[in-house]
Every structure is written in C-alpha cells, then in structure tokens.
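Here is the structure we will look at.
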Amino acid sequence: MAITAQEVNKLRQMTGAGMMDCKKALTEAEGDFEKAIDILRKKGQKVSASRADRETKEGTIVTHVSADGATGTLLSLTCETDFVAKNEDFVAFANTLLDLAVANKATSVEQILALPFENITTAEKIIEMTGKIGEKIEISHYEVVSGEAVVPYIHSNGKLGVLVSLVNTNGAAVEEAGKDVAMQIAAMNPVAVDKDGVDASVVEREIEVGKEQARQEGKAEEMLEKIALGKLNKFYKENTLLSQQFVKDNSLSIAQYLDKVSKGMTVAAFKRVSIG
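As structure tokens, this is what we get:
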C-alpha cells in the first residue's frame, strides 16, 4: 500500500525516528501506526544490542532539589560521543528521566528503569532512544542525598556533578557556602567527609604503604607503626573533606570555613559523580 508523506511525518512526530526509518516501518506495518512503532522499537533493540559493548564516556549530569531544600537528586545519562551529549533532545531526555525518578521517589537506577514511561517502561524508552540516536545510551549514576539543606553543583562542562548535605545551618543562608563546598568536592575529590568515613580497607592500605616507605628509608622496625600513623594523619588531612584546606582560602580548613559561616555548621554527606 502507498504510504503518504503526511503519515510518515505523523509517525516521525510520534517517535522522533528518521523519515526513511518511519517510511520503512509504516510500509512493513501496512499503515498500522502501532505496529510501525513496535517495528521502530525493535530496530532500537537491535541497535542497542549491537552497541552493548560500546563505552559511554560522554553524557550529561542533571540535578534536582526538593522545594524544602532537604532532598537532592543527581542523574547522569551517558552516551558515546560529545556531539550527542550536547544535543538538546538528549539533555531534555536526561531531565525527563530525573523528573520521573523524583516524582516516583526512586532510590536506584534499577527502580527508574522499571518505571512506566508513556505506554512502555523507562528501560524500553532508553532502547527506543538508542535506536533513534544510533548510540548506546544508559543511566550511569543516580544518587539521592537528604539532610537539613542540600546544595547541588554542576561543573561548566556538564560532566561533573556534586550534591552536598549541610547540617546545623541555624537558619543561615547556605546556598553560597554549599556551592563553595560542592566546588571543593568537585576539584579535590575527597574520599569521605571525615576520617570516620574512610573505608577500613583504605586505612589498612595507607598504614601498610606508610610502613613500607619508612622501611625503605631505613627506619627502625619498632618505629614503623608510629611513622605510618603520622603518614595516615597526613592522608586524612589531604583526602577527607572537612580537613582539607579550603581552595578559596588556604588559611582555613573546610570545617573552619563552615563554622565561620554559621557556628556549628558542617557537612553530613556528599555525592560526587564524574563522566569519562
């Protein structure tokens, strides 16, 4: 049967697929739009499968903070090329996925993928988008942070995002301080808020490295533990957020900077996500 240009354009508007793909799908479906959509989705599945082993090192990060400022969410949608990552439709899709996740109080990528999206699941919609764009697309990260006040930050390239949760704000305006701390996290990549948050395996490794370094320097065996603990304290100072020197004012640690902004204010938690 003959497929009109109007029909092709209608299917294109419905699906976002290319004109030729829409014409082929409608022809194969004998003008049945639902069947044609399924055919396009199946094409997307084939594209997705053929690109399953491709790396997604480009993409965009989007954030959302609840109206009361107490819950922040961050989602990274990744793809294969920078060209796609900067595409308005791709960025809009990332924001749509985040809005869907927030509306449904999702706590993981798996939950987002299982959510209904129009008349299919989110996982199926991503496959559909893969077919439309021709690149592997995936939700690489989804983070939720709650607290007294959550502040987001996205680096100018859109590939690095941070959520930071502040407590003991005492009603102070925290937006600027929160952004300063989030930028610190983006730049310095701390391993934890403070030494209590450092994983035990990391502590053990740092102690062993410190001992071996001291041993190589010819230090006495009975001194190794003490020297290693000294090196561990230096590690804490350089790699835990509250102990780090504030990049905007090296005379202050992050803990001191926050206390200066509002007595007792500190960081409860943070998440840092980077693409590539």
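Numbering follows the numbering used here, in which position 257 of the sequence shown is assigned residue number 278; successive positions increment by one, without gaps.
The beta carbon of each residue, even a glycine, is placed where N, CA and C say it ideally should be.
Please work out which residues of its chain come closer than 7 Å, Cβ to Cβ, to residue i, disregarding the five sequence neighbours upstream and downstream, and give them in chain order.
i	result
Val40	It is worth fixing the name first, because residue 40 is Met in this sequence and not Val. These residues qualify, in order along the chain: Val29, Arg33.
Met22	Glu51, Gly52
Gly179	Thr81, Ile82
Gly90	Ala170, Val171
Met150	Phe114, Ile158
Ile275	Val202, Gln205, Leu262, Leu263, Gln265, Phe267
Gln132	none
Taking buried to mean at least 16 other C-beta atoms within 10 Å of its own C-beta, is residue i buried or exposed?
i	result
Arg226	exposed
Arg319	Residue 319 is absent from the model: the chain starts at 22 and stops at 297.
Met35	exposed
Lys247	exposed
Ile60	buried
Asp270	exposed
Gln205	buried
Thr77	buried
Thr190	buried
Glu101	buried
Arg75	exposed
Ala88	exposed
Ala235	buried
Would you kindly work out how many angstroms separate the C-alpha atoms of residue i and residue j, rounded to a whole number?
i	j	result
Glu79	Ile58	28 Å
Ser272	Val183	24 Å
Asn260	Asp103	31 Å
Thr143	Ala46	22 Å
Ala207	His176	8 Å
Lys240	Val219	27 Å
Val185	Glu197	12 Å
Asp215	Ala221	13 Å
Gly155	Val282	49 Å
Lys107	Asn254	42 Å
Asp217	Ala113	39 Å
Ala124	Phe256	41 Å
Gln277	Lys284	9 Å
Ile228	Ala213	17 Å
Gln237	Thr92	49 Å
Lys258	Leu136	43 Å
Lys303	Lys63	As displayed, the chain neither begins before 22 nor continues past 297, which places residue 303 out of reach and without an answer.
Ile141	Thr117	15 Å
Among the options, which one has its Cα closest to the Cα of residue i?
i	options	result
Asp42	Lys153, Thr261, Gly90	Lys153
Ile24	Leu184, Val171, Thr48	Thr48
Ser295	Val86, Lys200, Tyr163	Tyr163
Leu98	Val86, Lys240, Thr92, Ala122	Ala122
Gly192	Met286, His85, Leu61	Met286
Ala73	Leu181, Glu159, Asn125	Glu159
Leu96	Glu156, Ser161, Ala38, Arg75	Ser161
Lys126	Phe111, Val166, Ser274, Leu181	Val166
Val202	Lys216, Gly168, Val268	Val268
Val224	Thr94, Ala26, Tyr174, Lys252	Lys252
Ala38	Thr117, Gly297, Ile133, Asp110	Asp110
Gly297	Ile133, Val130, Leu181	Leu181
Please state whether DSSP places residue i in a helix, a strand or coil.
i	result
Leu136	coil
Arg226	helix
Ala73	coil
Asn210	coil
Asp270	strand
Ser283	coil
Lys247	helix
Glu159	strand
Val166	strand
Val6	This structure cannot settle anything about residue 6, because the visible part of the chain is limited to 22 through 297.
Gly192	coil
Thr94	strand
Thr99	strand
Gly80	strand
Gly152	helix
If you drop the 5 nearest sequence neighbours on each side, which residues of the same chain put their C-beta closer than 8 Å to that of residue i?
i	result
Lys298	Absent from the structure is residue 298, since the part of the chain shown begins at 22 and ends at 297.
Asp120	His85
Lys44	Ile24, Val29
Leu187	Gly168, Glu169, Ala170, Val171, Val172, Val195, Ala198, Gly199, Val202, Leu279, Met286, Thr287, Val288, Ala289
Residues in its own chain within less than 6 Å of residue i by CB, not counting five upstream and five downstream?
i	result
Lys146	Phe138
Phe291	Val185, Ile206
Ile148	Gly65, Gln66, Ser69
Ala115	Thr81, Val83, Leu98
Lys232	Leu245, Ala249
Glu94	Here the sequence assigns Thr to residue 94, which means Glu is not the residue at that position. So the qualifying residues of the chain are His85, Val123, Val165.
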